[in-house]
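> Have a look at this one before I ask anything.
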Amino acid sequence: MTNTKNMRKALCEIGKLCFDRNLLDSSGGNISIRDGDKVFITPRQAGEHHQWSIEEDMIIVTDMCKVPVIGEVDKITREAICHYYIYHAFPDIKAVLHAHPPFMMSFGSAHMDIPAVSEGTRCVISPNIPITNIEESVPGSEQQAVRIVDNFKWRKQQDPDAGLICNIPFHGVFSAAEDLNYAYLFVEVAETNCKILINRQIMFGNNPKADFSIHHDISREEISSIAQSKEVCPTGLRYRDAFGKEIVYQSQDDNLLSSSQQDKKISEEIISKITDEVLKKIKRD
Ligand SMILES: [Zn+2]
Numbered sequence: 133m134t135n136t137k138n139m140r141k142a143l144c145e146i147g148k149l150c151f152d153r154n155l156l157d158s159s160g161g162n163i164s165i166r167d168g169d170k171v172f173i174t175p176r177q178a179g180e181h182h183q184w185s186i187e188e189d190m191i192i193v194t195d196m197c198k199v200p201v202i203g204e205v206d207k208i209t210r211e212a213i214c215h216y217y218i219y220h221a222f223p224d225i226k227a228v229l230h231a232h233p234p235f236m237m238s239f240g241s242a243h244m245d246i247p248a249v250s251e252g253t254r255c256v257i258s259p260n261i262p263i264t265n266i267e268e269s270v271p272g273s274e275q276q277a278v279r280i281v282d283n284f285k286w287r288k289q290q291d292p293d294a295g296l297i298c299n300i301p302f303h304g305v306f307s308a309a310e311d312l313n314y315a316y317l318f319v320e321v322a323e324t325n326c327k328i329l330i331n332r333q334i335m336f337g338n339n340p341k342a343d344f345s346i347h348h349d350i351s352r353e354e355i356s357s358i359a360q361s362k363e364v365c366p367t368g369l370r371y372r373d374a375f376g377k378e379i380v381y382q383s384q385d386d387n388l389l390s391s392s393q394q395d396k397k398i399s400e401e402i403i404s405k406i407t408d409e410v411l412k413k414i415k416r417d
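For the sequence shown, the numbering used here assigns the number 133 to the initial residue and increments by one for each residue that follows.
Here it is, written out as structure tokens:
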């Protein structure tokens, strides 16, 4: 998890993590965070000159038009234009990551889309649309920036909840999210997804028994149900609690009743208890 309170530290940590996990290499990559009207962005050639072991004071801070507040303009990554174009096009986006993950790039080097075949990719990125390639572009150019923004707009049109990530043929990938953790997550799950695609082709490609079809098209509704807490025991189950005491399990839903509902339930219980007692007494009398 990144330290998103300290933007400069977070960028250094994610850069190193990406490099260690083979999502970035010495030939390039760049990362930024937007904080209000400021952009924190990695320096040029962080891979080539520093193998992504960069220091916090190497992070440049600029305004939204790339005018530096801290640091020098000519030290900013050479692909900065893509970051600023994304921030201007998507006000909710707070982090942009440009990486060079080799398994995703294998698809880019064949201009092939990346279908979702992992739970992570289906849930976190999109169950409905693949990760697609932009046209081959000049690295760090306005042309590349415009095409990435267009790709992300297309993704939002197809699936409003889609994660923003695209492939750049023969180059790398761009991801953008509402925080740096998610910009990183999109790249990592997409890279894992590509490893699965490649593995299953190597392992089962010509095997007639291999079934690559999707049997259950997971919906956004089903994805959102993941976060709902579920009961794991039926009410009335006798069991030993965490302290070894024999008890009867009571549905957690009952425990989640509002205080007025609980008061109502308690008073109903008391009334029925008193009624029972009174009836017993009358019978005895
Ligand atoms: Zn690059």
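Glycine included, every Cβ here is placed at the ideal spot set by N, Cα and C.
Specify, as a first and last residue, the run of the beta strand (DSSP E) that K170 falls within.
In the sequence shown, counting from the first residue as 1, residue 170 sits at position 38. Residues 170-173.
> Is W184 closer than 9 Å to F235 when the C-beta atoms are compared?
Counting from 1 along the sequence shown, the entry for residue 235 is found at position 103. Counting from 1 along the sequence shown, the entry for residue 184 is found at position 52. Cβ atoms of F235 and W184: not closer than 9 Å.
> With contact counted as at least three CB pairs below 8 Å, one residue from each stretch, are the region 224-239 and the region 152-165 in contact?
yes
> Between which two residues does the alpha helix (DSSP H) carrying P234 extend?
Walking along the sequence shown from the start, residue 234 turns up at place 102. Following the DSSP letters along the chain, one finds P234 inside the alpha helix (DSSP H) bounded by residues 234-240.
> The alpha helix (DSSP H) that contains E323, what's its start and end?
Within the sequence shown, residue 323 is the residue found at index 191, counting from 1. Note, E323: alpha helix (DSSP H), 312-336.
> Mapping the DSSP letters down to three states, classify I202 as helix, strand or coil.
Walking along the sequence shown from the start, residue 202 turns up at place 70. Strand.
> Less than 9 Å separating the beta-carbons of L312 and K198?
In the sequence shown, counting from the first residue as 1, residue 312 sits at position 180. In the sequence shown, counting from the first residue as 1, residue 198 sits at position 66. The answer is no: Cβ separation not under 9 Å.
> By the 10 Å Cβ neighbour count, where 16 or more other Cβ atoms means buried, how is I406 classified, buried or exposed?
The residue given as residue 406 occupies position 274 in the sequence shown. Taking all protein chains shown into account, I406 has fewer than 16 neighbouring C-beta atoms within 10 Å of its C-beta and is therefore exposed.
> Which residue comes first and which comes last in the alpha helix (DSSP H) that contains L155?
If you number the sequence shown from 1, residue 155 lands on position 23. In the DSSP annotation of this structure, L155 is not part of any alpha helix (DSSP H), being labelled neither H nor E.
> Any chance the region 263-274 sits against the region 330-350, with 3 or more Cβ pairs inside 8 Å?
no
> Comparing alpha-carbon positions, which option in V193, F239, V278, R140 lies nearest I328?
Sequence index remark: in the sequence shown, residue 328 carries index 196 (1-based). Checked all of V193, F239, V278, R140; the closest Cα to I328 is F239.
> Identify the continuous alpha helix (DSSP H) that holds D282 and give its terminal residues.
Position 150 of the sequence shown holds residue 282. 274-290 is the span of the alpha helix (DSSP H), which, as asked, contains D282.
> Between P271 and ligand 1, is there a pair consisting of the residue's CB and a ligand heavy atom that are separated by less than 8 Å?
Here residue 271 refers to the residue found at position 139 when the sequence shown is read from its first residue. Yes, since a heavy atom of ligand 1 falls inside the 8 Å radius drawn around the Cβ of P271.
> Name all residues in chain order for which at least one heavy atom of ligand 1 lies closer than 5 Å to the residue's CB.
G160, G304
> Provide the residue span of the beta strand (DSSP E) that contains A309, from first to last.
Position 177 of the sequence shown, counted from the start, is the residue given in the question as residue 309. Unbroken beta strand (DSSP E) run through A309: 304-309.
> Rounded to whole angstroms, what is the Cα-Cα separation between N162 and Y371?
Counting from 1 along the sequence shown, the entry for residue 162 is found at position 30. Counting from 1 along the sequence shown, the entry for residue 371 is found at position 239. So the two alpha carbons sit approximately 54 Å from each other.
> Considering only C-alpha positions, which residue in the set I192, T253, D189 is nearest to A315?
In the sequence shown, the residue the question calls residue 315 occupies position 183. Closest option to A315, Cα to Cα, is T253.
> Hey, could you find the ends of the alpha helix (DSSP H) Y371 is sitting in?
Start at 1 with the first residue of the sequence shown, and residue 371 comes out as number 239. Element bounds for Y371: not the alpha helix (DSSP H) but the beta strand (DSSP E), 370-372.
> Going by alpha carbons, who is nearest to T194 out of S164, D293, H181?
Taking the first residue of the sequence shown as position 1, residue 194 is located at position 62. Closest by alpha carbon: S164.
> Reducing DSSP to helix, strand and coil, say where H230 ends up.
Counting from one through the sequence shown, the residue named residue 230 turns up at place 98. DSSP places H230 in strand when its eight states are reduced to three.
> In angstroms with no decimal places, state the Cα-to-Cα distance between R352 and C255.
Taking the first residue of the sequence shown as 1, we reach residue 352 at position 220. Taking the first residue of the sequence shown as 1, we reach residue 255 at position 123. R352 and C255: Cα-Cα distance of roughly 8 Å.
> Hey, out of E187, V171, A242, whose CA is closest to P301's CA?
The residue labelled residue 301 in the question sits at position 169 within the sequence shown. That would be A242, whose Cα lies nearest to the Cα of P301.
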